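Presented below is the structure to which this report refers.
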Amino acid sequence: MRPRRRDGSNLDRTGTSRRGRRPSVLYGRCALCCAVSVVTVTPTAPDVETWAERYVLTTELHVKLAPPPPPKQFRTEAAPLWLTAPGRPPELRPARRGERTPKQEALETPHYRARTLHAFLHHELQAAELMCWALLAFSNAELEFRRGLLAICLDEIRHMGMYAKHIRALGSEVGDFGVRDWFWKRVPSCRSKLEFVAVMGMGLEAANLEYAPSFAERFRLAGDEAGAQIQERIAAEEVAHVGFATRWFTRWTGGCDFSTWAEQLPAPLSPWVMHGRPIAEDARRRAGMPDDFVAQLRAYVPEPKGRAEARAEPA
Numbered sequence: 002m003r004p005r006r007r008d009g010s011n012l013d014r015t016g017t018s019r020r021g022r023r024p025s026v027l028y029g030r031c032a033l034c035c036a037v038s039v040v041t042v043t044p045t046a047p048d049v050e051t052w053a054e055r056y057v058l059t060t061e062l063h064v065k066l067a068p069p070p071p072p073k074q075f076r077t078e079a080a081p082l083w084l085t086a087p088g089r090p091p092e093l094r095p096a097r098r099g100e101r102t103p104k105q106e107a108l109e110t111p112h113y114r115a116r117t118l119h120a121f122l123h124h125e126l127q128a129a130e131l132m133c134w135a136l137l138a139f140s141n142a143e144l145e146f147r148r149g150l151l152a153i154c155l156d157e158i159r160h161m162g163m164y165a166k167h168i169r170a171l172g173s174e175v176g177d178f179g180v181r182d183w184f185w186k187r188v189p190s191c192r193s194k195l196e197f198v199a200v201m202g203m204g205l206e207a208a209n210l211e212y213a214p215s216f217a218e219r220f221r222l223a224g225d226e227a228g229a230q231i232q233e234r235i236a237a238e239e240v241a242h243v244g245f246a247t248r249w250f251t252r253w254t255g256g257c258d259f260s261t262w263a264e265q266l267p268a269p270l271s272p273w274v275m276h277g278r279p280i281a282e283d284a285r286r287r288a289g290m291p292d293d294f295v296a297q298l299r300a301y302v303p304e305p306k307g308r309a310e311a312r313a314e315p316a
């Protein structure tokens, strides 16, 4: 079967493909205020692949944050589907220039802590979407691998819920701040399942082994213990995600060699942008990265070739 390509532009305002079936719309009337309410009822997905495609392409924020449970069955045969862009709810506007991660002194203010967590929530959203992207693009991969992608997707959605709850506790809402699709601009350049685990799991998610504990410390210094604990919990759960990618990389290549990994990173990505500082050596080892891999990552310095790629954002 030939691969298909699709992006989030082929959607109506409900997030449904214009070529596909529209969700049913039910109209009800509130007895107290006589206002008409509209409830969108999305048809049940017949298989995981349909669920994954709908999740990536929907433009409804409530579905991004809390989608219906996925079906249990995968298709027995599925043509590769290369989604080129996600659907974006209108609430998630592109970030303006100057909307950067606040400095430590700004984190004393709940508004700026909420803005920081909003950026992290969007990282989790992109990670969830890109697990679905890989599930669809590499539809001929091992079923065990695709089941793992779905499980990680659901973890990322749960992490979004943790962030959203605390953002509200800080007096803001999801959609109050701009977002950047940093991961989407880079990960879909992966042409194989090996490149995907190298970039997403062993690269971007592994970098969060450094970033999340760092932000936990910064939130604790700002007096936000609840925010710090969210970061610590996500950092702990990230180890399993990185371990998943590392195990498959090792299975497919016969080892966990640093040079082999670096060769799988599509340009302009390099090991230089795939970690924070200092390297979380213990966490990376628990995720299955050998000592020599961690040592070479710590020592890596790119050759000067013009403007360097910015370091990865925390996943």
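In this note's numbering, the protein residues as written are 2 to 316. We treat Cβ as the ideally placed atom computed from N, Cα and C, and that holds for glycine. Computed from a predicted model, the values in this text were never measured in an experiment.
Helix, strand or coil: how does DSSP classify Ala236 here? In this structure, Ala236 counts as helix in the three-state DSSP scheme.
Would you decide whether Gln74 is buried or exposed? Buried here means 16 or more other CB atoms lie within 10 Å of its CB. When all chains shown are included, Gln74 counts as exposed.
Which residue wins for smallest C-alpha separation from Tyr164, given the options Leu122, Met201, Cys191? Closest option to Tyr164, Cα to Cα, is Leu122.
Considering Leu131, what are the terminal residues of the alpha helix (DSSP H) in which it resides? It spans 111–138 - the alpha helix (DSSP H) in which Leu131 sits, taken as one unbroken run.
If I follow the unbroken alpha helix (DSSP H) through Ala284, where does it start and stop? Looking at the DSSP string, the run of the alpha helix (DSSP H) that includes Ala284 is 282–287.
If we call anything under 8 Å between Cβ atoms a contact, is Val172 one with Pro103? As written in the sequence, residue 172 is Gly, which differs from the Val given in the question. Not closer than 8 Å, so no.
Inspect the beta-carbon positions of Gly244 and Gly289 and report whether they are closer than 8 Å. In this structure, Gly289 lies closer than 8 Å to Gly244 by Cβ.
For Gln297, the nearest candidate out of Arg181, Ile280, Pro72 (CA to CA): For the residues Arg181, Ile280, Pro72, the minimum Cα distance to Gln297 belongs to Ile280.
Could you pull the DSSP bridge partners for Pro95 from this structure? The partner list for Pro95 (beta bridge, DSSP) reads Val180.
Taking C-alpha atoms, which residue in Arg287, Val188, Trp249, Asp283 lies nearest to Glu143? Of the listed residues, the one whose Cα sits closest to Glu143 is Trp249.
Taking the alpha carbon of Tyr337 as the reference point, which residue from Arg147, Ala170, Ala80, Pro90 has its own alpha carbon closest? Any property of residue 337 remains undetermined from this structure, which presents the chain solely from 2 to 316.
Using 8 Å as the threshold, is the stretch 148–161 in touch with the stretch 265–277, meaning 3 or more CB pairs across them? Between the stretch 148–161 and the stretch 265–277 there are fewer than three inter-stretch CB-CB distances shorter than 8 Å, so the stretches are not counted as touching.
Suppose you measure from the CA of Ala96 to the CA of Leu126; what does that come to, to the nearest Å? Going by the C-alpha atoms only, they are around 15 Å apart.
Rounded C-alpha distance that separates Val188 from Trp83: Roughly 12 Å separates the two Cα atoms.
Got a sec? Which residues, its chain only, sit under 6 Å from Thr261 by beta carbon, not counting five neighbours each side? Result list for Thr261: Thr254, in chain order.
Using only the alpha-carbon positions, how far apart do Phe146 and Thr251 sit? A direct Cα-Cα distance of roughly 13 Å separates Phe146 from Thr251.
Could you give the distance in angstroms between the alpha-carbon of Ala115 and the alpha-carbon of Glu78? If I take the Cα positions, the gap works out to 43 Å.
Measure the Cβ-Cβ separation of Asn209 and Ala246 and say whether it is below 8 Å. Here Asn209 is not near Ala246, since their CB atoms are 8 Å or more apart.
DSSP state of Leu84 mapped onto helix, strand, coil: It is a strand residue.
Measuring straight from C-alpha to C-alpha, what distance separates Gly277 and Ala263? Near 16 Å, if we compare the C-alpha coordinates of Ala263 and Gly277.
If you draw a straight line from the C-alpha of Arg92 to the C-alpha of Leu66, how long is it? What sits at residue 92 in the sequence shown is Glu, not Arg. Using only the alpha carbons, I get a separation of about 12 Å.
Run the CB neighbour count on Pro303, radius 10 Å, all protein chains shown included, and call it buried at 16 or more, exposed below. Pro303 sits exposed, since fewer than 16 C-beta atoms from the chains shown fall within 10 Å of its C-beta.
Tell whether a beta-carbon distance below 8 Å holds between Pro90 and Glu61. Taking 8 Å as the Cβ cut-off, Pro90 and Glu61 qualify as a contacting pair.
Measuring only the C-alpha atoms, how far is Asp283 from Glu238? Straight-line Cα distance between these residues: approximately 14 Å.
Rounded to whole angstroms, how far is the Cβ of Phe220 from the Cβ of Ala229, which I believe are closer than 8 Å? Confirmed, Cβ separation roughly 4 Å.
How big is the Cα-Cα spacing for Met132 and Glu106? Spanning the two alpha carbons is a distance of roughly 35 Å.
Could you check if Ala80 belongs to the surroundings of the ligand MG, using beta carbon to heavy atom distance under 7 Å? With respect to the ligand MG, the structure shown offers nothing to examine, as it has no ligands at all.
Report all residues from its chain with a CB closer than 8 Å to the CB of Asp258; omit the five preceding and five following residues, and keep chain order. Phe294, listed in sequence order.
Is Pro47 helix, strand or coil by DSSP? Correct three-state label for Pro47: coil.
To the nearest angstrom, how far is the alpha carbon of Val180 from that of Asn141? For Val180 and Asn141, the distance between alpha carbons rounds to 33 Å.
Which stretch, first to last residue, makes up the alpha helix (DSSP H) that contains Ser260? Residues 259–264.
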